[in-house]
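**Q** Pasting a structure below so you can have a look.
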Amino acid sequence: MKITYIHHSSVCVELDGKVLVFDYYKGDAVPSCVYSGKMPKFPKETPIYVFSSHSHRDHFDVEVLNWSKYYRNIYYIFAKEVKKKLGNTLIKRLGFDESIKEKITYVKPREQWNIGGLVVETLLSTDSGVAFLITVSGKVIYHAGDLNWWKWEEESKEFNDYQEKTYKEEIDWLSNRQVDFAFVVLDPRQEKDKYLGIDYFMKQVQAIHVMPIHLWKQYGLIEEYRNFPTSLEFKDKILMVERENQEFEINV
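Residue numbers for the sequence shown follow this note's numbering, so the first one is 94 and each next one is one higher.
Quick look at the structure:
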């Protein structure tokens, strides 16, 4: 398995001749944190699976539809809310005919689909859209999207209680599943609570390899978390992301 960390939550997974791309967007979509990572290029006949967990501008970009003009075997798996953002008008304005719709599967939380030889399962996000659990060539890949234990000082107790309860329910569902590679949120904007989500995940899910995402370029947080005394038992599972377009070769 080859992993390319493009930027933010956007990653590319190559496995058994297939390519899975999660939450790609152009790096200048959020002016306060501009990235320059690029989608790797592959032969035209490569099966490409493009996942978008929700429609926020740091997780989805209509640019991905243009890839269908180059790749012959492309599949789009979008959270259903992306459909509202696209609509018929935008697709037409981009110069696509009705056939592009046949390449798109819209998914809701807690569903299972077989798409192009992949088994796609979805979890409920605590923010928007879905998280993905993908079975491909006997390996299982988890991508959180914005499924995280969000806790904010300025929010109500009801909000924060819901976040904790829902996150734990969704992650507990994974506790008895094989997970070979997981992409898990670690967001510095949560300040003292930024490690809540990844810490619960690491202790509940027996994932073999884990890559923190949604870091807003604060890659040093990974090493900080790895060096906590309570993290030592799973420290070696956590990959050290240091830059955009960083590549990892993983034995699975």
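Note that CB positions come from ideal geometry on N, CA and C, so glycine has one too.
Round the Cβ separation of Asp-273 and Val-233 to the nearest angstrom and send it over; I've been treating them as touching at under 8 Å.
**A** To locate residue 273, count along the sequence shown from 1; it is residue 180. To locate residue 233, count along the sequence shown from 1; it is residue 140. Right, the Cβ-Cβ distance comes to about 5 Å (below 8 Å), so this counts as a contact.
**Q** Output yes if chain B places a C-beta closer than 9 Å to the C-beta of Tyr-168; else output no.
**A** Structure shown: chain B not included; a single protein chain is present.
**Q** What separation, rounded to the nearest whole angstrom, lies between the Cα atoms of Val-345 and Arg-186?
**A** Along the sequence shown, read from residue 1 onward, the residue named residue 345 stands at position 252. Along the sequence shown, read from residue 1 onward, the residue named residue 186 stands at position 93. Roughly 42 Å between the two C-alpha positions.
**Q** Thr-198 lies in the beta strand (DSSP E); which residues open and close that run?
**A** For the purposes of this step, residue 198 is taken as residue 105 along the sequence shown, with counting starting at 1. Thr-198 -> beta strand (DSSP E) spans 197-200.
**Q** Using only the alpha-carbon positions, how far apart do Phe-276 and Ile-306 sit?
**A** On the sequence shown, position 183 is the one that residue 276 refers to. On the sequence shown, position 213 is the one that residue 306 refers to. Taking the straight line from one Cα to the other gives about 6 Å.
**Q** List the endpoints of the continuous beta strand (DSSP E) containing Leu-113.
**A** Sequence index remark: in the sequence shown, residue 113 carries index 20 (1-based). It spans 111-115 - the beta strand (DSSP E) in which Leu-113 sits, taken as one unbroken run.
**Q** Please report the distance separating the alpha-carbon of Arg-270 from that of Leu-240.
**A** Your numbering for residue 270 matches position 177 in the sequence shown. Your numbering for residue 240 matches position 147 in the sequence shown. Using only the alpha carbons, I get a separation of about 17 Å.
**Q** Could you check what DSSP says for Thr-228 in three-state terms: helix, strand or coil?
**A** Counting from one through the sequence shown, the residue named residue 228 turns up at place 135. If DSSP states are grouped into helix, strand and coil, Thr-228 belongs with the strands.
**Q** In or out: Thr-323 buried (at least 16 other Cβ within 10 Å) or exposed?
**A** Position 230 of the sequence shown, counted from the start, is the residue given in the question as residue 323. Exposed, because fewer than 16 other Cβ atoms sit within 10 Å of the Cβ of Thr-323.
**Q** Find out if the Cβ-Cβ distance for the pair Lys-258, Ile-301 is shorter than 9 Å.
**A** The residue labelled residue 258 in the question sits at position 165 within the sequence shown. The residue labelled residue 301 in the question sits at position 208 within the sequence shown. No; because the gap between Cβ atoms is not below 9 Å, this pair is not in contact.
**Q** Take Phe-135 as the anchor and find which of Leu-158, Val-123, Arg-165, Ser-125 has the nearest alpha-carbon.
**A** The residue given as residue 135 occupies position 42 in the sequence shown. Ranking Leu-158, Val-123, Arg-165, Ser-125 by Cα distance to Phe-135 puts Arg-165 first.
**Q** Residues in the same chain with beta-carbon distance under 6 Å from Phe-144, minus the five sequence neighbours each way, listed in chain order, please.
**A** To locate residue 144, count along the sequence shown from 1; it is residue 51. Correct list, in chain order: Phe-115, Ile-170, Phe-225.
**Q** Please classify Asp-280: is it buried, with 16 or more other beta-carbons within 10 angstroms of its beta-carbon, or exposed?
**A** Here residue 280 refers to the residue found at position 187 of the sequence shown. Counting Cβ neighbours within 10 Å, Asp-280 comes out buried, since at least 16 surround it.
**Q** Relative to the C-alpha of His-100, which candidate in Met-94, Pro-133, Asp-109 has its C-alpha closest?
**A** The residue labelled residue 100 in the question sits at position 7 within the sequence shown. Closest option to His-100, Cα to Cα, is Pro-133.
**Q** To the nearest angstrom, how far is the alpha carbon of Lys-182 from that of Asn-159?
**A** Walking along the sequence shown from the start, residue 182 turns up at place 89. Walking along the sequence shown from the start, residue 159 turns up at place 66. In the sequence as presented, Lys is not what sits at residue 182; that position holds Thr. Their backbone Cα atoms lie some 16 Å apart in a straight line.
**Q** List the endpoints of the continuous beta strand (DSSP E) containing Met-304.
**A** By 1-based counting over the sequence shown, the position of residue 304 is 211. It spans 300-306 - the beta strand (DSSP E) in which Met-304 sits, taken as one unbroken run.
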